[in-house]
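Some notes on the structure that comes next.
There are 2 protein chains.
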Amino acid sequence: MRFLIPLISSSITSGHYRIISRLLSAHLTKPQRSTLPPFFNCQPPSMAASEESLRKALAEKQSAVEAHGNAVRALKAAKASKPEIDAAIEALNSLKLEKSSIEKQLQAAVSGSDGDGALSREAFRQAAVNTLERRLFYIPSFKIYRGVAGLYDYGPPGCAVKSNVLAFWRQHFVLEENMLEVDCPCVTPEVVLKASGHVDKFTDLMVKDEKTGTCYRADHLLKDFCNEMLQKDLTISAEKAAELKHVLATLDDLSAEALGAKIKEYGITASDTKNPLSDPYPFNLMFQTSIGPSGLSPGYMRPETAQGIFVNFKDLYYYNGNKLPFAAAQIGQAFRNEISPRQGLLRVREFTLAEIEHFVDPEDKSHPKYSEVVDLEFLMFPREEQMCGQSAKKIRLGDAVSKGTVNNETLGYFIGRVYLFLTRLGIDKDRLRFRQHLANEMAHYAADCWDAEIECSYGWIECVGIADRSAYDLRAHSDKSGVPLVAAEKFSEPREVEKLVIAPVKKELGLAFKGSQKNVVEALEAMNEKEALEMKAALESKGEVEFYVCSLGKNVPIKKNMVSISKEKKKEHQRVFTPSVIEPSFGIGRIIYCLFEHSFYTRPSKAGDEQLNVFRFPPLVAPIKCTVFPLVQNQQYEDVAKVISKSLTTAGISHKIDITGTSIGKRYARTDELGVPFAITVDSTKDVTIRERDSKLQVRVSVEEAALVVKSVTDGLRTWEDVWEKYPHHTSGSADD
Amino acid sequence: MRFLIPLISSSITSGHYRIISRLLSAHLTKPQRSTLPPFFNCQPPSMAASEESLRKALAEKQSAVEAHGNAVRALKAAKASKPEIDAAIEALNSLKLEKSSIEKQLQAAVSGSDGDGALSREAFRQAAVNTLERRLFYIPSFKIYRGVAGLYDYGPPGCAVKSNVLAFWRQHFVLEENMLEVDCPCVTPEVVLKASGHVDKFTDLMVKDEKTGTCYRADHLLKDFCNEMLQKDLTISAEKAAELKHVLATLDDLSAEALGAKIKEYGITASDTKNPLSDPYPFNLMFQTSIGPSGLSPGYMRPETAQGIFVNFKDLYYYNGNKLPFAAAQIGQAFRNEISPRQGLLRVREFTLAEIEHFVDPEDKSHPKYSEVVDLEFLMFPREEQMCGQSAKKIRLGDAVSKGTVNNETLGYFIGRVYLFLTRLGIDKDRLRFRQHLANEMAHYAADCWDAEIECSYGWIECVGIADRSAYDLRAHSDKSGVPLVAAEKFSEPREVEKLVIAPVKKELGLAFKGSQKNVVEALEAMNEKEALEMKAALESKGEVEFYVCSLGKNVPIKKNMVSISKEKKKEHQRVFTPSVIEPSFGIGRIIYCLFEHSFYTRPSKAGDEQLNVFRFPPLVAPIKCTVFPLVQNQQYEDVAKVISKSLTTAGISHKIDITGTSIGKRYARTDELGVPFAITVDSTKDVTIRERDSKLQVRVSVEEAALVVKSVTDGLRTWEDVWEKYPHHTSGSADD
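Here's what the structure looks like:
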């Protein structure tokens, strides 16, 4: 569980609604924070100070302008001399100029250090998204019926990219790690999601337009209001600015009541109609349905795939020969009925998750293949760095684990494998960081959590969550189903163990404490070894002790005859325990969107009159690996093209023939826009050219070899550089014109 | 649309509820029919006659037994002589024996010619299903919570088989045919499924236990009742038997009222409680939900993936360069809230579909690659053969198309491709037939429909539907959305065409027909060319004609001034038309289940003391391609095994190492049960053995070559026979002991 909702899980367990709500929205709102420093309330002091001092300076300058304005008016009223008035006006104008300059500085400060960057980010995104939608990488679903917010189709190239990403995921994780892949239904009965906590806690706070009934996410409205004030209204005082910032920083901590109070205090109304809003109330984000015809079996579309693995633990453990560790994996659709989806592919109502549940003995979290990733070095953003306002830095994975920054080897191993997975897909390693969860983001049972965050035009986006969730999930389903989901370590020889036995004498306790007897019994049984032995000693020496019973909130006197405490020797043949689970959880759609942005660039056409779009997908993910173009329309060339096409099909290389008479330059541009890495152009019946997309370089190879050359590079057996070295270069004027 | 519900589509269009219901259940109930002849009311006369004559003979014998019994009693009462009485008793006993013999024959006749076959089919299924569930090919979902009917998980080997089947589907169809693959959400807004007809017509008839509320499929109850009577009660008269058979044969034609009447007539009660039942009423089989928080946007989990393709037609046509033909494809989950699922993996509430929509010009249904399949020969079951009680026979595909049995080349091409797909997966070609839909099974708009049916222990199961659906689906969405989903053929030169223009003169018609004017106008405009020209001639000669207006149900007099009919010449630059769609639709889960059964067999262990289970999966679909076994536990052998494992990983061959000390024979048996085709056994550090699963033959190859030999066979570059010929044979006693 918990990809895309890594935080709700903490919430679910903690059982405190307030915390849940905070954590959930902390997660959900992360992308919107992009223009703000990574961790708000510990931004570098210099920056915060500069903004605050600018606000103060602006307020002072404003007062000075007003005072001087009054002075000028007074001079005029007093009919002072023209030079005197002119001098005063000049001074006023100069003050106004100074004020305007401070305003500009403040504007820059509040919109982030890269004020212009934000603009070009927006323009970059627009160019990428236009290309993506025009070439059908994705399409708003049910477009002819005006679509549904938060639902998207992948068109042909997007679908091919997705299926390549999933095939590589399966190769990189399932096959290379011998994981047990399962495939469970999306329709899930209520009892399962009751046990996992989703039925009760998987909610967002919502407000309704009291007249039209339109729904909004309460925290989004408050956040938008604060951001708007801070960025657009430069006249607010430094104190007011600090208050708004405090609201933003603590937004995720606000209860429904506190959120409602703030909305009232600021007079926030419905964005579209300006009508008053209802009080905030929780809305469950699962799509509900009914299983079977009776209407008596509520069900939900699963909000994650992980539960399907947890409920199968017993069978999977048996399948694995009753041995730990092992990992199970699942790829599938998950559903989330967002209140008001935004941000295109990043926040959608239906998405593909790929999740791994790696089950380990909590007493041994080493990993046999850890040495294979130990020397990887990449951007990490540990908790401490976030708290002190520093930024992510390159750390050797082995160091992070040995220093205890990363909790254990297995967690470290998966962080390393996720890094390799993402960068091999084509994610830019400089825009990829592993951010550790802060203590208050994490569930109380979780040992450690790291998110793989990818930077795109929306900011840093959580794309993979990697969490050590301890035994929480298996315990929850054990409790609810009554089926023990445990593992056992068989001892080679029985072990003699000394066990502490606390035996409350219920009769005596009943006589002494009557209705409170149960509380006292439970408290006695809950003592740890040290407490029990101390009590035993005290009872033996004094005959009676004062004992604090938490559930009664007071001390009670315990006498010697009320409890027997002893140590007994037992032979044990095995150790039975609930395994810990380490869970890497991948939001495939988010990874693909970030991959689209990281792969996109534009370059001028040869004539220089237009910008051409290119996706620099590595062959591994490119939707089509190769195109085949007869240079001109001509039966001989077309026949050669068909022969090459047939060899490509035999070699399993996805490709396309384009025999239109369009200029070869236009045909190249068309396929560059789809990210096709290689083009074979037929300009003779003996040999042909192969063009590489990004360098636009071309080599000449024989017709017979063409398919194999492309296959060797797309399969990663050699690089384009190898090919460039081996084959004669082609420098005809026909290239890209 | 329409895989697994190929027949509802006809229904949806016909608009007659009765027909819909019949067709839907005709489809849905097909598997249960397995023990009956393929087409009920035209079974070979000899068989039907024999059953009927047996019933008559039995009734006669029963009367004779009764008469003789009375005679014996009369003799006893009359105190006849002992020899006389003994002779009469002997005659009675001999009559009873004859009766019992007829009973046995009748029993055999009603349970099908293979009465024993049915039993062994059941036993075979039980053995296969036990192995499948024990080895986690599939698992009832949410088992620890006692499961949900009709929901199954694929465990590790099942999941691997499924992903191999889907990968091959993508290779065989999408890549080889350059199809445009899309990936649309499961959550679908109501408007889309309203247009497709599912909201109104995708129903089954249901009855409720009037006291407990338990729901049953009405037709299932009636069918079970009739089958039970026919098979278990041998005393029913030949007339009664004929009546029950007639009910079974026409079951799918029964309206809700007729079904209800039959249930009352036969006194059928709830199976579990014997409580009375409600009248039958339609239950929509879609899982309903609500999109967004308002509760005002109903949505459904899609019952098929096809609609996602149809609504994207315009974009896909543009993506394909505005050219026909092209095919779009989609693999994804579909949902169906079955009233009471039965038959394991064959009738489930959530399943994976793979659908192709091939769009063609209705005036040209040729296919460029048709010649590649024209010589295929396989079992086909054309409409005529079904109607005359004959069985499926081998037909050359080219002949079926050229004789017009298969409507057109493109449909024929896909039938051939489906045949190749299924047989390459490992479906037994002798238990695969292509059955043509009968005229009354098909939608009125459909040109032709064929189902690929696979025979398994449940009978002949429809696994792929291949239908020429004409322009129905695109027109339905054009009408509902207002967005024209059409294609255009541009003429190289404008063409002069003569067009018939029918112009009703509304003013005159209004004066003459008042409120009925609209009906008359529509009827006039709907005339075909021949009718219109006849009317024109008649009006010119007689000045007035009688004209039948369908919607008024009567003739009206049309005068010359009421309509102008003329032929006009126009220049046209293009022909705009709604493409036809040819739709192959694959039920992946059903194909996989049949594949499991076709691959399963048992063979005695070497000691002969037990039956071992084997799946003879071809390498293409085998969940794991290879195992690596050190013969005995030994560090050197384990190291070699690890080296080989690494080469297998590099070669992309899924495999497993088993270093347990279990006997090699047991380890082979364990992997035979998973259908692993090859085992590499390490019994030296220089060379190793490779064992083939079905022949159990072994060759010796060097450690370096081992992975490559396995790869070459699993990739289909050579056969096991090639390997057997090339490498030295291994005949150690260790094999399989």
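Chains as they are written, first to last, in this note's numbering: chain A, 2 to 738; chain B, 2 to 738. Glycine included, every Cβ here is placed at the ideal spot set by N, Cα and C. If you're wondering where the values come from, they're calculated on a predicted model, not measured in any experiment.
- Query: Can you name, in chain order, every residue of its own chain whose Cβ lies under 7 Å from the Cβ of B:E547, other than the five neighbours on each side?
  - Reply: The residue labelled residue 547 of chain B in the question sits at position 546 within the second sequence. Here the set comprises N556 and P558.
- From B:K568 to B:L534, what distance separates their C-alpha atoms? Looking up residue 568 of chain B in the second sequence gives position 567. Looking up residue 534 of chain B in the second sequence gives position 533. Between B:K568 and B:L534, the C-alpha separation is close to 9 Å.
- Could you confirm whether any beta carbon from chain A is found closer than 8 Å to the beta carbon of B:P363? In the second sequence, the residue the question calls residue 363 of chain B occupies position 362. No - not a single Cβ of chain A is within 8 Å of the one on B:P363.
- Query: Residues of chain A with a CB under 7 Å from the CB of B:D220: which are they?
  - Reply: Mapped onto the second sequence, residue 220 of chain B falls at position 219. Residues of chain A passing the Cβ test: none, with the nearest at roughly 14 Å.
- Task: Report whether the distance from the Cβ of A:Q634 to the nearest heavy atom of the ligand NAP is below 7 Å.
- Result: The ligand NAP is not among the ligands present in this structure, which contains no ligands whatsoever.
- Item | A:R692 to B:E182 span [Cα, whole Å] | For the purposes of this step, residue 692 of chain A is taken as residue 691 along the first sequence, with counting starting at 1. For the purposes of this step, residue 182 of chain B is taken as residue 181 along the second sequence, with counting starting at 1. Straight-line Cα distance between these residues: approximately 26 Å.
- Message: Going by beta-carbon coordinates alone, are A:L675 and A:P158 separated by less than 8 Å?
- Response: Locating residue 675 of chain A in the first sequence gives position 674, where the first residue counts as 1. Locating residue 158 of chain A in the first sequence gives position 157, where the first residue counts as 1. Contact flag set, yes.
- Span of the beta strand (DSSP E), counted from its first residue to its last, around B:K560: Taking the first residue of the second sequence as position 1, residue 560 of chain B is located at position 559. From DSSP, the beta strand (DSSP E) with B:K560 extends over K555 to K560.
- Close-in-space but distant-in-sequence residues of the same chain around A:A329 (CB under 7 Å, 5 per side omitted): As a first step, residue 329 of chain A is located in the first sequence; it is residue number 328 there, counting from the start. So the qualifying residues of the chain are M180, L181, V183, I310, L317 and E358.
- Task: Could you list which residues in chain A have their beta carbon closer than 8 Å to that of B:T672, in chain order?
- Result: Taking the second sequence and counting its residues from 1, one reaches residue 672 of chain B at position 671. The premise fails here: B:T672 is roughly 13 Å from chain A at the closest Cβ pair, so nothing lies under 8 Å.
- Is it true that the CB of B:T672 sits closer than 8 Å to the CB of B:T795? Only positions 2 to 738 of chain B appear in the structure, and residue 795 of chain B is not among them; the question remains open.
- Query: When the cut-off is 8 Å and only beta carbons count, does B:S272 lie next to chain A?
  - Reply: In the second sequence, counting from the first residue as 1, residue 272 of chain B sits at position 271. No, B:S272 does not count as interfacial toward chain A.
- Using beta-carbon positions only, say whether A:F415 and A:I332 come within less than 8 Å of one another. If you number the first sequence from 1, residue 415 of chain A lands on position 414. If you number the first sequence from 1, residue 332 of chain A lands on position 331. Contact: no.
- Message: Quick check on DSSP: helix, strand or coil for B:E454?
- Response: Within the second sequence, residue 454 of chain B is the residue found at index 453, counting from 1. In this structure, DSSP gives B:E454 an extended state, which the three-state scheme calls strand.
- Message: Which of the three DSSP states is assigned to B:I654 in this structure?
- Response: Your numbering for residue 654 of chain B matches position 653 in the second sequence. In the three-state scheme derived from DSSP, where H, G and I count as helix and E and B as strand, B:I654 is classed as coil.
- Message: For a cutoff of 8 Å on Cβ pairs, would you count B:S164 as touching chain A?
- Response: The count along the second sequence starts at 1 and reaches residue 164 of chain B at position 163. Yes, B:S164 counts as interfacial toward chain A.
- Taking 8 Å as the cut-off, decide whether the C-beta atoms of B:K570 and B:P495 are in contact. Working through the second sequence from its first residue, we reach residue 570 of chain B at position 569. Working through the second sequence from its first residue, we reach residue 495 of chain B at position 494. No. Outside cutoff.
- Query: Which same chain residues, not among the five before or five after B:D280, have their C-beta less than 6 Å away from its C-beta?
  - Reply: Within the second sequence, residue 280 of chain B is the residue found at index 279, counting from 1. Only G261 meet the Cβ criterion.
- Leaving out five residues before and five after B:R476 in sequence, what residues of the same chain have Cβ atoms less than 6 Å from its Cβ? Within the second sequence, residue 476 of chain B is the residue found at index 475, counting from 1. Counting only Cβ-Cβ distances below 6 Å, and skipping sequence neighbours, we find T579.
- Item | Backbone secondary structure at A:N408 - three-state DSSP | To locate residue 408 of chain A, count along the first sequence from 1; it is residue 407. Reduced to three states, the DSSP call for A:N408 is coil.
- Can you give the Cα-Cα distance for B:E364 and B:A472, rounded to whole angstroms? By one-based count along the second sequence, residue 364 of chain B stands at place 363. By one-based count along the second sequence, residue 472 of chain B stands at place 471. One C-alpha to the other measures close to 12 Å.
- For A:K657, return the contacting residues in chain B, with the cut-off set at a CB-CB distance below 8 Å. For this step, residue 657 of chain A is matched to residue 656 along the first sequence. Within 8 Å Cβ-Cβ: N179.
- Query: Is B:P190 close to chain A, meaning its C-beta is less than 8 Å from at least one C-beta of that chain?
  - Reply: Locating residue 190 of chain B in the second sequence gives position 189, where the first residue counts as 1. So yes, B:P190 belongs to the interface.
- Rounded C-alpha distance that separates A:L718 from B:V149: As a first step, residue 718 of chain A is located in the first sequence; it is residue number 717 there, counting from the start. As a first step, residue 149 of chain B is located in the second sequence; it is residue number 148 there, counting from the start. The alpha-carbon separation between A:L718 and B:V149 amounts to approximately 48 Å.
- Message: At the 8 Å Cβ level, is B:G116 part of the contact set with chain A, yes or no?
- Response: Taking the second sequence and counting its residues from 1, one reaches residue 116 of chain B at position 115. Only weak support is given to the placement of B:G116: the predicted model assigns it a pLDDT of 48, under 50, and the question is left unresolved by the model.
- Any chain B beta carbon closer than 8 Å to A:P369: Along the first sequence, one-based indexing puts residue 369 of chain A at 368. It does not; no Cβ of chain B falls within 8 Å.
- N-terminal and C-terminal residue of the beta strand (DSSP E) that A:Q334 is part of: On the first sequence, residue 334 of chain A is found 333 positions in, with the first residue counted as 1. Per DSSP, the unbroken beta strand (DSSP E) holding A:Q334 starts and ends at F327 to F336.
- Query: So which residues on chain B does A:G214 lean against when the C-beta distance must stay under 7 Å?
  - Reply: As a first step, residue 214 of chain A is located in the first sequence; it is residue number 213 there, counting from the start. Against A:G214, the close residues of chain B are S295, in the order they occur along the chain (beta-carbon pairs closer than 7 Å).
- Name the chain A residues that come within less than 8 Å of B:A161, Cβ to Cβ? Translated into the one-based positions of the second sequence, residue 161 of chain B becomes position 160. Under the 8 Å cutoff, chain A gives E182.
- Spatial neighbours of A:N321 in its chain, beta-carbon cut-off 6 Å, leaving aside the 5 residues before and after: The count along the first sequence starts at 1 and reaches residue 321 of chain A at position 320. For A:N321, same chain residues with a beta-carbon under 6 Å away, outside a window of 5 residues either side, are F327 in chain order.
- Message: I'd like to know if the region 606-623 of chain B and the region 368-381 of chain B are in contact, where contact means that at least 3 CB-CB pairs between them fall below 8 Å.
- Response: no
- Starting from A:H574, follow the beta strand (DSSP E) in both directions and report where the run begins and ends. Within the first sequence, the letter at position 573 stands for residue 574 of chain A. Unbroken beta strand (DSSP E) run through A:H574: V564 to F578.
- Query: Where does A:P369 land, buried or exposed, given buried means 16+ other C-beta within 10 angstroms?
  - Reply: Residue 369 of chain A sits at position 368 when you count from the first residue of the first sequence. So A:P369 counts as exposed.
- DSSP puts A:T603 in a beta bridge; with which residues? Locating residue 603 of chain A in the first sequence gives position 602, where the first residue counts as 1. In the DSSP assignment, the residues bridged to A:T603 are A:N614.
- Query: Starting from A:A444 and walking both ways along the beta strand (DSSP E), at which residues does that stretch end?
  - Reply: Along the first sequence, one-based indexing puts residue 444 of chain A at 443. Counting along the chain, A:A444 falls outside any beta strand (DSSP E), and DSSP gives it neither H nor E.
- Please classify A:F492: is it buried, with 16 or more other beta-carbons within 10 angstroms of its beta-carbon, or exposed? Indexing the first sequence from 1 puts residue 492 of chain A at position 491. Its Cβ having fewer than 16 others within 10 Å, A:F492 is exposed.
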